Amino acid sequence: MKKLLVILFFVILSNSASAQYKGQWRAIHGYEMTSVKAFFGMNFRGEFFPLNYFSIASGFTIYTPATGNARGFDVNARYYLTEKTKQWYGTLGYGHYTRVFEFNPEGIRRHNSINIGAGGMLKFRDELGINPEIIYQPMGRNEIIFKLGVVYFIN
């Protein structure tokens, strides 16, 4: 049943993405490194433009700590300052982080934070580019996160 729901979700998502002519869609696969604990993470993000120069980007990250597991989810609003092949933006949003410990009485640690940062979309071709980004989380985790991703410009 869960597999059927996941397949149905991706079918609906792909149909809605191909039918959106009003705004632009982007799919991003990236990697990130945190500053304090030096966790390495792999993330999957999507971005949609409801208005010119303004987008909503959300993503899911899987971290690889030495023991246990960790994951994060974030939703950010981005405002683009430039256009063409080098698109620079500022971002503000919300992040949630969960860490599950093994062999530790602490168990589970959760943090909610505000994301403040900047980044860019640097196009190689019309449909591909890279996305460097730096995010500071002043509350909760109190870390700097460095991200680098590959962008697919859907439309």
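Numbering (mature numbering (1 follows the signal peptide of the UniProt record, and there is no 0)) for the sequence shown: -19 to -1, 1 to 136. Ideal placement from N, C-alpha and C gives every residue a C-beta, glycine not left out. Note that this is a predicted model, so its numbers are computed, not measured.
If residue i and residue j are in contact, beta carbons under 8 Å, what's the gap, nearest whole angstrom?
| i | j | result |
| --- | --- | --- |
| Gly98 | Tyr117 | 6 Å |
| Asn112 | Val81 | Incorrect: roughly 28 Å between the Cβ atoms, too far for contact. |
| Ser39 | Val17 | Rounded, the Cβ-Cβ distance is 23 Å, inconsistent with contact. |
| Gln5 | Phe30 | 4 Å |
Thinking just about the alpha-carbon of each residue, which of the options is nearest to the one in residue i?
| i | options | result |
| --- | --- | --- |
| Ile95 | Pro46, Ile126, Gly101 | Ile126 |
| Phe84 | Thr48, Leu62, Asp107 | Thr48 |
| Gly53 | Trp6, Phe20, Thr72 | Phe20 |
| Arg122 | Trp69, Tyr75, His10 | Tyr75 |
| Arg106 | Phe30, Phe29, Ile135 | Ile135 |
| Asn93 | Pro86, Glu124, Phe25 | Glu124 |
| Thr72 | Phe35, Asn24, Thr42 | Phe35 |
| residue 168 | Gly22, Arg7, Ala8 | Only positions -19 to 136 of the chain appear in this structure, which leaves residue 168 out of reach. |
| Ile37 | Lys67, Pro119, Ala8 | Ala8 |
Rounded to the nearest angstrom, what separates residue i and residue j at their Cα positions?
| i | j | result |
| --- | --- | --- |
| Asn33 | Leu103 | 18 Å |
| Glu114 | Leu62 | 14 Å |
| Asn50 | His10 | 20 Å |
| Gly27 | Pro46 | 25 Å |
| Ala58 | Pro86 | 37 Å |
| Lys67 | Met120 | 30 Å |
| Tyr44 | Tyr70 | 25 Å |
Buried or exposed, going by whether 16 or more other CB atoms sit within 10 Å of the CB of residue i?
| i | result |
| --- | --- |
| Glu108 | exposed |
| Glu13 | buried |
| Gly110 | buried |
| Thr15 | buried |
| Ile89 | exposed |
| Gly100 | buried |
| Lys65 | exposed |
| Tyr60 | exposed |
| Arg91 | exposed |
(request) Run through the segment 36 to 66 for me and flag every whole beta strand (DSSP E) of 3 or more residues, listed as ranges in chain order. (result) 50 to 61
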